[in-house]
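Enquirer: Below is a structure I'd like to ask you about.
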Amino acid sequence: MHIMEGFLPATHAVAWSCAAVPFVAAGAWKLKKIVTERPEARLQLAAAGGFAFVLSALKLPSVTGSCSHPTGTGLGAVLFGPSVMALLGSIVLLFQALLLAHGGLTTLGANIISMAVVGPWVAYGLWRASSALGLPAAVGIALAAILGDLATYIVTSAQLALAFPDPASGFMGAFAKFAGIFALTQVPLAIAEGLVTVVVMNALVGR
Amino acid sequence: MLALGLLVLVLAVPPWPGAVAVLVIAWTAALAGARVTWRDWLRLVAAPLGFALTGAFALAIEIGPDGLALARDGGAAAAAVVIRAAAALSCLLLLAVTTPAPDLVRGARRLGLSPEIAEMALLIWRFLFMLLESATAIRHAQDARLGWHGFRRSIRSLGLLVALLLPRALDRAQRLECGLAARGFDGSLPMLSPRQPVSLRFIAATLGLQAAVLGVSLWWS
Amino acid sequence: MVELSLEARGLVYSWTGGGRALDGLDLVVRRGRRLAVLGPNGAGKSTLLLHLNGTLRPEAGEVLVDGVVLGHGRAALAGWRRRVGLVMQDPDDQLFAATVAEDVSFGPLNLGLSEAEAATRVDEALAALGIADLAERATHQLSFGQKKRVAIAGAVAMRPEVLLLDEPLAGLDHRGGVLLQGVLGALAAAGTTLVLTTHDVDLAYAFADEVALFSNGRTLRQGPAAEVLADRVAMAQAGLETPLLLELGVRDRAEALARFGRR
Amino acid sequence: MVELSLEARGLVYSWTGGGRALDGLDLVVRRGRRLAVLGPNGAGKSTLLLHLNGTLRPEAGEVLVDGVVLGHGRAALAGWRRRVGLVMQDPDDQLFAATVAEDVSFGPLNLGLSEAEAATRVDEALAALGIADLAERATHQLSFGQKKRVAIAGAVAMRPEVLLLDEPLAGLDHRGGVLLQGVLGALAAAGTTLVLTTHDVDLAYAFADEVALFSNGRTLRQGPAAEVLADRVAMAQAGLETPLLLELGVRDRAEALARFGRR
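Chains C, P, L and W are the protein sequences, given in the same order. Reading the first sequence from the start, the letters are residues 1 to 207 in the working numbering. Reading the second sequence from the start, the letters are residues 1001 to 1221 in the working numbering. Reading the third sequence from the start, the letters are residues 2001 to 2263 in the working numbering. Reading the fourth sequence from the start, the letters are residues 3001 to 3263 in the working numbering.
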C-alpha cells in the first residue's frame, strides 16, 4: 500500500526519507559487491526489478487496488538477499510514482521503509524459517507473500498514525483507525495475492 | 524543475491558499503548457483517488470514549490534507509528463548519485517496458480464452501470468547478456549521456513564480 | 444463415500519449470466408483484432456480430469471446500451462464444460491441428512451429465461429508455412470464418478470398483478393508491392497455385 | 588482402539435454562478399552465428579468422569481437539503454574510444542506417523496424570487418525490408563482409553472392547463390522451395531484380 504524494506533512516526509537512507545505502553497497563478483548478475537484478514493477502494475481481480510489492521484492529477496532489495525496491517505487502515480516523491522515504525494507525482510525471514522447519516451498512462499503484505500495511498504518494522531485517543487510536479502515481494502488484497502466489508456485514447480 | 520546486512549496506552506495556487499552476502547466490531453491527465489524477478518500475518511473520524464519532474539526483537517495531497500529486504528475524518468536519473547522477545505481535504474527502466509489453500480451491472450471471467479464474490466470513472466524475465536477462557480449560487454555499461540545454529564462521565470506563491501564502496567513 | 458475421464501423482508438492506432476504420467479415487484413507494420492490424473480440474498447465506432452491436459488459463479452476466437502473433504469450493438453483445455474449462467434455474438445482440437502426438509434451520444449499450432488449438478448442489470427505465418519457414496453411484450409472447409492479418502479399493472394487493405488505421479498400491486390494505386498507398504471380500475369489463383504449388 | 575472412571447421555443439545443434559444420566466409546462410527453422543457423563471434564455444572443431584459430581467452575474445560484429534476431535482446544514442555508444566505448570519438562513431552509424533523427528517442517507443536498425547501428558503430546478422528481415514489411536491404547493400559496398541467416529463399537469391545451405547442423552445399538455389535435390533435402524467379527461368539475377524490382 503506497502512501500517496503529499499526504504526509513535511517534517514526517523528511524524517522518513532520512530513515530510509541507511537501508538504501546498504543496498547500494551490497549491489556493488554483487556486480563485482558476478558482473552478469547486473542484468538479472534489473530483470528482477522490472518484474517487481510489472507485478505492482497488474490489477488484482475483483479487488480494488493492484498487486503489492512483497511478491516481487520478496521473490527478489529470495534470489538475491533482502538487503539489495532496499535499493531495487526504491528504484521501482520511484518509477511507480512517476509512471503510475502510485506513491510519490515526498512520501518515497516512508514507502521505502514499508515496502522495500520491512516487506522483503519479513518475506525473506518467513521463507527462511519455513524452509528451516521443512515446510513445502509453496506454503512458505505463500505465507511470505501474505504476511509480507500485511506487515507492509501495518507499517503504513503506523506511519499515518504517527503523522495524524487522533485528537482524542492519540497514536494508538489513530493506528486503530487507519488499520481498521485500510483493512477493508488490504486484507482481501493480501489473501488474493496469497492465492495467486500459490498458483504461481504450482505452475513454476510444474514446469 | 518547476514541478519539484512547487512540490517542496506545497509541503512548506499552509494548504490555503498556497496549495490551491500550486494546484492551479500545475494543472495549467500540464494541460496548456505541456499539452497533455484531458483524458490522459484525468486518468492519471484518478489513480490514487482510493487512497485519498479512505485516508481522509480515517482523518475525519475519531475514536472517543463512546466509540467512533465524527472528529471535531476532523472534516476541516481532512479537507486540508486532501487539498495538499491533490496539489502535490499534480506537481508529481506534471514532472512525470514533462520529464522522462531517465532524464531524472541522469540529473541525479550529475548531482552525485553513484554510477552503479544510475545504471541499475536505467536498466530496470528498459526491462520494465519489455516485461510490461509481455504481461499485456499474455493478459490479452488469457482474456480471449475467457480466463478473466469470474474471481477464481482470474486468480488462476493471474497466477499463470506471473509464473510465465518470471522465467521470461530471467531468460530476457540472459539473452540480453548474450547480445551485449557481442558488443564487448564485460560487466560495466558505459554510455554517452545526452546533454540537456538549460534555459536560463525558464529557470528565472520558475523561481519568480515560486517566490510569488510563497509570498502570497505567507502574507495571507 | 446470415451472410454477415462481424462488422466494424468507424472504429477510433488512440494510444496513451496520442497517436491514432485506428482512425475511423470500417470492415466487414462475411460468414465462412477467409479474409486477409493486409497492411504494413504499424497500420493498426493487431489493434483491430483486439477490438474484434472485445478486448479493447473503441473511443468511437462499434463492432457488430450478426448485426447486433456488442457491449462491453461481463456477460456480453463472455458470449462474444465464445463466438470469436483470437490467436496472437507470439505463441509464447499464449501458452500458459505446463503441458500441451493442459494448455489447450484452458479455454474449454473456462467455458464451463466438464472435465470429460473439455478432454474431448482438446483431443478434437489437437487432431484438427495435426498435433495429437504432442498432447503430453511440455510447452516450453516445443519448436516455434509446434508452439504456433498449439496456440491455434487453444482457440479452436473453444469452437469459435470466427477465428482471428495475427500474422499466423510470421517466423515460420516454408515447410512450417505449408503445414499451417493446410490446417487453416481444413478449418475453413469445416465452416470456421477466418480473419488473418499479414504484411505478406503472396500469402494474402494464396490464402484469402477477400482482402482488406489497411493503412494508417483505415481500410483503403476491401474486396475480392485478386482485385484488391491488383489495384496498384491502393497497394502503393499502403506501401506494398503487387504479388509476383499477379505481376507475371497469372490472374487465375487456382491456376497460379497449381502451377507453382507455392505457399 | 587475404580472400578468406572467417572459417568454421567441423563445429560440433549440443544443447543441454541432448540434441545436436551443430554436427560437424564447415563454412567459409570470403572477404567482402555477402553470404546467406539458408536453412529451415531449427537447422542451427543462430547457433552458428554465436560460434562465429566467439559467444559459444564448440565441443569440437574450430573457428579461424584470417587463417588463425581463435581462442576463447579474454583478450582473444575482445580482439575477435572488434572484428566480427553480431546482430541478433530480436532487437530487444540487444538494446539496453533508455535512448538510442546512449545504446549505440556502448560498443565504441567498450573499444576504449574517447567520448568524442565514440560520439563520432554514433553519428556515423546512425547516419549509415538512415536514423540520425532517432538519436534522442526513447528505446521503448520505437517501432520494431526502427529497433532493428538501432540494433544494427550498435554493431556498425564498432566498425567490424565482418557483420553477422540473424534473420535481419524477419518481421519487417515490404517497405522496411527494402530499406534495410539498401542499408546492408551500402555497408557491403563500403567493404564490410556480410553474413546473414534466413529461411527466405527469395531474400537469399536477391541479396547474397553466395549461399550456404544448412540442414540439421551441417552445410549441405556452399557456392554461388544461383547455383545452390537451383539445386533442387539439395533444396528439397533442406525442406526449402526454389525461388520463384529461378523457377520461372529468370537465371540472371541482375535481370531478375531489374525486371521485378522486388525486395
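Virtual Cβ for every residue (Gly too), placed ideally from N, Cα, C. None of the values given here were measured: they were computed from a predicted structure.
Taking the alpha carbon of F171(C) as the point to measure from, which residue in A158(C), G140(C), L98(C), A123(C) has its own alpha carbon closest?
Expert: Selected option, being the one with the closest Cα: A158(C).
Enquirer: Can you tell me which of the three DSSP states S2046(L) falls into?
Expert: Three-state result, S2046(L): helix.
Enquirer: Which same chain residues, not among the five before or five after P3108(W), have their C-beta less than 8 Å away from its C-beta?
Expert: Excluding residues within five positions, the ones whose Cβ falls inside 8 Å are E3117, A3118, R3121, V3122, A3157, M3158.
Enquirer: Whose C-alpha, out of Q96(C), V92(C), I91(C), S56(C), is nearest the C-alpha of L1089(P)?
Expert: That would be Q96(C), whose Cα lies nearest to the Cα of L1089(P).
Enquirer: Looking only at DSSP bridge pairs, what is P2224(L) linked to?
Expert: Partner(s): E2210(L).
Enquirer: I want to see whether chain P comes within less than 8 Å of L152(C), judged by CB atoms only; does it?
Expert: Checking the sequence, you will find Thr at residue 152(C) rather than Leu. No - not a single Cβ of chain P is within 8 Å of the one on T152(C).
Enquirer: Please report how far the alpha carbon of L2172(L) lies from the alpha carbon of S2143(L), in whole angstroms.
Expert: In a straight line, the C-alpha of L2172(L) is about 10 Å away from that of S2143(L).
Enquirer: Taking the alpha-carbon positions, what's the R2031(L) to V2084(L) distance?
Expert: Cα to Cα, the separation comes out at about 12 Å.
Enquirer: Quick check: is the beta carbon of R3262(W) nearer than 8 Å to any beta carbon in chain L?
Expert: With a pLDDT of 48 at R3262(W), under the threshold of 50, the predicted position of this residue should be treated as unreliable, and no value is reported.
Enquirer: Quick one: Cα of L2163(L) to Cα of E3210(W), how far?
Expert: Going by the C-alpha atoms only, they are around 41 Å apart.
Enquirer: Quick check on D166(C): does DSSP put it in helix, strand or coil?
Expert: Note: D166(C) maps to strand in three-state DSSP.
Enquirer: With a threshold of 8 Å between beta carbons, is R1183(P) in contact with chain W?
Expert: True, the Cβ-Cβ gap to chain W drops below 8 Å.
Enquirer: Determine, using beta-carbon pairs with one atom in the region 2038-2051 of chain L and one in the region 2226-2246 of chain L, whether at least three such pairs fall under 8 Å.
Expert: Yes, the region 2038-2051 of chain L is in contact with the region 2226-2246 of chain L.
Enquirer: Do you know how far the Cα of A3204(W) is from the Cα of L3245(W)?
Expert: If you take the alpha carbons of L3245(W) and A3204(W), they lie about 12 Å apart.
Enquirer: Quick check on this structure: which residue in L2184(L), E2167(L), T2139(L) has the alpha carbon closest to the alpha carbon of L1164(P)?
Expert: The shortest C-alpha separation from L1164(P) is found at T2139(L).
Enquirer: Is any beta-carbon of chain W found at less than 8 Å from that of L1123(P)?
Expert: So, interface residue.
Enquirer: Mark V3065(W) as exposed unless 16 or more other C-beta atoms lie within 10 angstroms of its C-beta, in which case mark it buried.
Expert: The residue is buried, with at least 16 neighbouring Cβ atoms inside 10 Å.
Enquirer: Just confirm the distance between the C-beta atoms of A86(C) and A116(C), as a whole number of angstroms; I'd bet it's less than 8 Å.
Expert: Going by Cβ atoms, the distance from A86(C) to A116(C) rounds to 5 Å, so yes, they are a contact pair.
Enquirer: Just to confirm, is the Cβ distance from D2023(L) to A2008(L) under 8 Å?
Expert: Their beta carbons are not under 8 Å apart, which means D2023(L) does not touch A2008(L) by this criterion.
Enquirer: CB-CB under 8 Å to G2187(L), same chain, minus the five flanking residues each way: which ones, in chain order?
Expert: According to the sequence displayed, residue 2187(L) carries Leu and not Gly. Result list for L2187(L): A2128, V2156, L2163, L2194, in chain order.
Enquirer: Along chain P, in chain order, which residues have C-beta atoms closer than 7 Å to that of I91(C)?
Expert: Here the neighbours are M1120, A1121, I1124.
Enquirer: Please go through the same chain and pick out, in chain order, the residues whose beta-carbon is closer than 6 Å to the beta-carbon of S62(C), but skip the five residues on each side of it.
Expert: No answer about S62(C) holds up, because its pLDDT of 45 lies below 50 and its placement is not dependable.
Enquirer: A1144(P) and T2198(L): beta carbons closer than 8 Å?
Expert: No, they are not a contact pair.
Enquirer: Are three or more beta carbon pairs between the region 3145-3154 of chain W and the region 3068-3078 of chain W nearer than 8 Å?
Expert: Counting Cβ pairs under 8 Å, fewer than three are found: no touch.
Enquirer: Kindly confirm or deny that the region 131-150 of chain C and the region 100-107 of chain C touch, where touching means at least three C-beta pairs closer than 8 Å.
Expert: Touching, no.
Enquirer: Looking at the structure shown, is S2105(L) part of a helix, part of a strand, or coil, going by DSSP?
Expert: Of the three classes helix, strand and coil, the one that applies to S2105(L) here is helix, per DSSP.
Enquirer: Taking all protein chains shown into account, do 16 or more other C-beta atoms lie within 10 angstroms of the C-beta of C1091(P), making it buried, or fewer, making it exposed?
Expert: The residue is buried, with at least 16 neighbouring Cβ atoms inside 10 Å.
Enquirer: Tell me the DSSP secondary structure of L147(C) in three-state form.
Expert: Note: L147(C) maps to helix in three-state DSSP.
Enquirer: Indicate the three-state DSSP secondary structure (helix, strand or coil) for T3197(W) in the structure shown.
Expert: Strand at T3197(W).
Enquirer: Compute the beta-carbon to beta-carbon distance between F2950(W) and P1190(P), rounded to the nearest angstrom, for a pair I have assumed lies under 8 Å.
Expert: The question about residue 2950(W) has no answer, for chain W in this structure spans 3001 to 3263.
Enquirer: Since A2036(L) is in the alpha helix (DSSP H), which residue starts that stretch and which ends it?
Expert: No alpha helix (DSSP H) holds A2036(L); the beta strand (DSSP E) holding it covers 2034-2038.
Enquirer: Since H3051(W) meets chain P, which of its residues come closer than 7 Å, beta carbon to beta carbon?
Expert: Within 7 Å Cβ-Cβ: nothing; H3051(W) doesn't reach chain P, min ~12 Å.
Enquirer: Any beta carbon of chain C sitting closer than 8 Å to that of R1145(P)?
Expert: Output row for R1145(P): interface = no.
Enquirer: Compare the beta carbon distance of A28(C) and I1117(P) with 8 Å and say whether it is the shorter of the two.
Expert: Contact: yes.
Enquirer: Any beta carbon from chain L within less than 8 Å of S1188(P)'s own beta carbon?
Expert: Answer no: the Cβ-Cβ gap between S1188(P) and chain L never drops below 8 Å.
Enquirer: Name the chain W residues that come within less than 7 Å of D2224(L), Cβ to Cβ?
Expert: In the sequence as presented, Asp is not what sits at residue 2224(L); that position holds Pro. What P2224(L) touches in chain W: nothing, since even the nearest Cβ is about 21 Å away.
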